[in-house]
Amino acid sequence: MTTNIMQTPTLTSLGAARRKWLATLSLTLGFALEANTAFALNPPKPDWSLADMPSQSGRIFLVTGGTSGMGYEDAKALAAAGAEVVIAARNPQRGREAMARIKEEIRGAQVQFEEVDLADLASVKALGERLNAKLPRLDGLINNAAIMAPPERQTSADGHELQLATNYLGHFALTGHVLPLLRKSSAPRVVTLSSIAVLRGNIDFDDLQSERAYNPYASYAQSKLATLMFAFELQRRSQQQGWGIQSIAAHPGVAVTELIARGPGLDSEFGRNWAKDRDEYHSAAQGALPTLYAATAHQAQGGAYYGPTGEEEKRGPLGLATVPAVAQDGEAAARLWTVAERLTGVTYR
Ligand SMILES: NC(=O)c1ccc[n+]([C@@H]2O[C@H](COP(=O)([O-])OP(=O)(O)OC[C@H]3O[C@@H](n4cnc5c(N)ncnc54)[C@H](OP(=O)(O)O)[C@@H]3O)[C@@H](O)[C@H]2O)c1
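Everything in the sequence shown is counted per the numbering used here, starting at 15 for the first residue and increasing by one.
Printed below as a string of structure tokens:
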């Protein structure tokens, strides 16, 4: 059963029993809740492909982590559809290579690179300032960059656990910094990448930074659950504040990218198990389709979560992804937002 649910702050004023009943109804029927009304999320065309992507001419996108994997495929496909694309990642050399490959394949591609380390809040703020100074607006932000499961606990420039910092806090801060640019667009979208790992994820408010105990996979799952809850909470706040942003979540299933090699390592137990089935996984280009649908399809809906619908949602046709119960908890999402504001020093206005 695929489910999506949005719970607005208006709903939190309803009685607990009525909220519980609405949540159960939503779980059962696959509803989203918006402004006190339930509306059905329409599943995408299962075989949606780049051929279905509407022209993106005149639209400006920022793609974090566009130097490899899905982010690279997002940037290339958006540029091919006529968008102006800014790739933001850490390494200028990888940035130059990504731009050169895209320009080689797509004649006239408008793509540029901006250096940012999402695990350094000063770097994220500086990127926001540069973009606000040079772009007229931002039509789409793809919060894609991530790291996965470094074997030992590491910390960011600001002292936060590295996966939480890179995958969640950096994107929380970046989205806040570019909010003024997004609000200048007539139809802004923010697409945030999550993962099937969230189905085993939990937000540990008592040890968010994994200081007491560090399990690399649990910390990864927590960080991706946080991004999913962020995507839903941003949609609620956008509706409430009238920002006009469609906030949508997506995940690729399992795709062959650099994530494992640069995280736990291909020679780790996880890496060896992963490598056994790698022929079965999506390519990065296939893994990018849920994100690209969310970023461009006219039918894509704010508050939805898109991903593959095959076995365990690891691959297969595009559809509505399973939302774990914890990600449907509007109160927990609001609490997490407040924590992120405190840890990043960024408030949305
Ligand atoms: N691959 C999968 O099976 C899978 C499954 C579920 C979800 N996902 C999600 O899909 C998204 C894309 O991952 P991928 O598989 O395509 O991984 P990837 O090939 O390793 O790409 C990750 C990108 O993130 C960038 N990045 C990493 N740390 C950064 C930082 N501190 N600041 C700025 N950029 C940073 C990297 O760029 P530089 O190194 O050049 O900075 C790289 O471009 C992630 O959100 C991931 O969680 C992937």
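Glycine is no exception: its CB is placed at the ideal position from the N, C-alpha and C atoms.
Bear in mind the structure is a predicted one, so any value in this text is a computation, not a measurement.
>> Here's a check: name, in chain order, each residue in its chain whose Cβ is nearer than 8 Å to the Cβ of Thr271, leaving out the five neighbours to either side.
In response: Indexing the sequence shown from 1 puts residue 271 at position 257. Hits under 8 Å: Ser82, Gly83, Met84, Ala298, Gly301.
> Helix, strand or coil for Ala49 per DSSP?
Replying inline: Here the question's residue 49 lines up with position 35 in the sequence shown. At Ala49 the pLDDT is 34, less than 50, meaning the model places this residue with poor confidence; the figure from the coordinates comes in the next sentence. DSSP places Ala49 in coil when its eight states are reduced to three.
> How would you write the range of the beta strand (DSSP E) that Arg203 sits in, first residue to last?
Replying inline: Looking up residue 203 in the sequence shown gives position 189. Per DSSP, Arg203 belongs to the beta strand (DSSP E) from 203-207.
>> Check whether the stretch 144-162 and the stretch 193-205 are in contact - that is, three or more C-beta pairs closer than 8 Å.
In response: yes
> Taking the alpha carbon of Ala211 as the point to measure from, which residue in Thr189, Leu188, Ala187, Ser237 has its own alpha carbon closest?
Replying inline: Within the sequence shown, the letter at position 197 stands for residue 211. Nearest of Thr189, Leu188, Ala187, Ser237 to Ala211, Cα basis: Ser237.
> In three-state terms, what does DSSP make of Ser4?
Replying inline: What is shown of the chain runs 15 to 363, which leaves residue 4 out entirely.
> Can you tell me whether DSSP reads Ala54 as helix, strand or coil?
Replying inline: Translated into positions along the sequence shown, residue 54 becomes position 40. Looking at Ala54 - three-state DSSP - the assignment turns out to be strand.
>> So, under 8 Å CB-CB, Leu334 and Pro60 are touching, yes? Tell me the CB distance rounded to an integer number of Å.
In response: Looking up residue 334 in the sequence shown gives position 320. Looking up residue 60 in the sequence shown gives position 46. Leu334 to Pro60, Cβ: 11 Å. No contact.
> For Ile161, does the three-state DSSP call read helix, strand or coil?
Replying inline: Walking along the sequence shown from the start, residue 161 turns up at place 147. Ile161 falls in the coil class under three-state DSSP.
>> Is the separation between the beta-carbon of Thr241 and that of Leu188 shorter than 8 Å?
In response: In the sequence shown, counting from the first residue as 1, residue 241 sits at position 227. In the sequence shown, counting from the first residue as 1, residue 188 sits at position 174. Contact: no.
>> Starting from Gly321, trace the beta strand (DSSP E) in both directions and tell me its first and last residue.
In response: The residue labelled residue 321 in the question sits at position 307 within the sequence shown. Run containing Gly321: 319-322, per the beta strand (DSSP E) assignment.
> When you compare only the Cα positions, how much space is there between Ile259 and Leu213?
Replying inline: As a first step, residue 259 is located in the sequence shown; it is residue number 245 there, counting from the start. As a first step, residue 213 is located in the sequence shown; it is residue number 199 there, counting from the start. Going from the Cα of Ile259 to the Cα of Leu213 covers about 26 Å.
>> Closer than 7 Å to a non-hydrogen atom of ligand 1 - does that hold for the CB of Arg367?
In response: Lying before the first or after the last residue shown, residue 367 is absent from the chain, which here runs from 15 to 363.
>> Let me check you understand the geometry: is the CB of Asp131 closer than 7 Å to at least one non-hydrogen atom of ligand 1?
In response: Translated into the one-based positions of the sequence shown, residue 131 becomes position 117. For ligand 1, at least one heavy atom lies less than 7 Å from the Cβ of Asp131.
> Under a three-way DSSP split, which group does Glu166 fall into?
Replying inline: For the purposes of this step, residue 166 is taken as residue 152 along the sequence shown, with counting starting at 1. Coil.
> Can you tell me whether DSSP reads Leu280 as helix, strand or coil?
Replying inline: As a first step, residue 280 must be located in the sequence shown, where it is residue number 266. In this structure, Leu280 counts as coil in the three-state DSSP scheme.
> In three-state DSSP terms, what is Ala346?
Replying inline: As a first step, residue 346 must be located in the sequence shown, where it is residue number 332. Three-state DSSP puts Ala346 in a helix.
> From Leu183 to Leu357, what distance separates their C-alpha atoms?
Replying inline: In the sequence shown, residue 183 corresponds to position 169, counting from 1. In the sequence shown, residue 357 corresponds to position 343, counting from 1. Distance between the alpha carbons of Leu183 and Leu357: 8 Å.
> Could you give the residue range of the beta strand (DSSP E) that holds Leu248?
Replying inline: Along the sequence shown, read from residue 1 onward, the residue named residue 248 stands at position 234. Run containing Leu248: none in the beta strand (DSSP E); it sits in the alpha helix (DSSP H), 230-255.
>> So for Leu357, helix, strand or coil by DSSP?
In response: Against the sequence shown, residue 357 aligns to sequence position 343. Looking at Leu357 - three-state DSSP - the assignment turns out to be helix.
> Which one or two residues does DSSP pair with Val77 in a beta bridge?
Replying inline: Taking the sequence shown and counting its residues from 1, one reaches residue 77 at position 63. Looking at the DSSP assignment, Val77 forms a beta bridge with Ile101, Ile156.
> Just the Cα atoms here: how many angstroms apart are Ala10 and Ser261?
Replying inline: This structure cannot speak to residue 10, because the chain is shown only from 15 to 363.
> Just to check, is the beta-carbon of Ile210 closer than 7 Å to a non-hydrogen atom of ligand 1?
Replying inline: Locating residue 210 in the sequence shown gives position 196, counting from the first residue. Yes, the beta carbon of Ile210 sits closer than 7 Å to at least one heavy atom of ligand 1.
> If Val99 sits next to Val77, beta carbons under 8 Å apart, how far is it from one beta carbon to the other, in whole angstroms?
Replying inline: Within the sequence shown, residue 99 is the residue found at index 85, counting from 1. Within the sequence shown, residue 77 is the residue found at index 63, counting from 1. Right, their Cβ atoms sit about 6 Å apart.
>> Once the 5 residues before and after Arg286 are set aside, which same chain residues still bring their CB inside 8 Å of it?
In response: Along the sequence shown, read from residue 1 onward, the residue named residue 286 stands at position 272. Around Arg286: Leu280.
> How far does the alpha helix (DSSP H) with Ala298 in it reach, from first residue to last?
Replying inline: Numbered from 1 along the sequence shown, position 284 holds the residue referred to as residue 298. That run of the alpha helix (DSSP H) goes 298-301.
> If you draw a straight line from the C-alpha of Arg203 to the C-alpha of Gly80, how long is it?
Replying inline: Your numbering for residue 203 matches position 189 in the sequence shown. Your numbering for residue 80 matches position 66 in the sequence shown. Approximately 17 Å between the Cα atoms of the pair.
>> Considering just the uninterrupted stretch of the alpha helix (DSSP H) at Gln107, what are its terminal residues?
In response: What you label residue 107 is simply residue 93 of the sequence shown in a count that begins at 1. Its alpha helix (DSSP H) spans residues 106-119.
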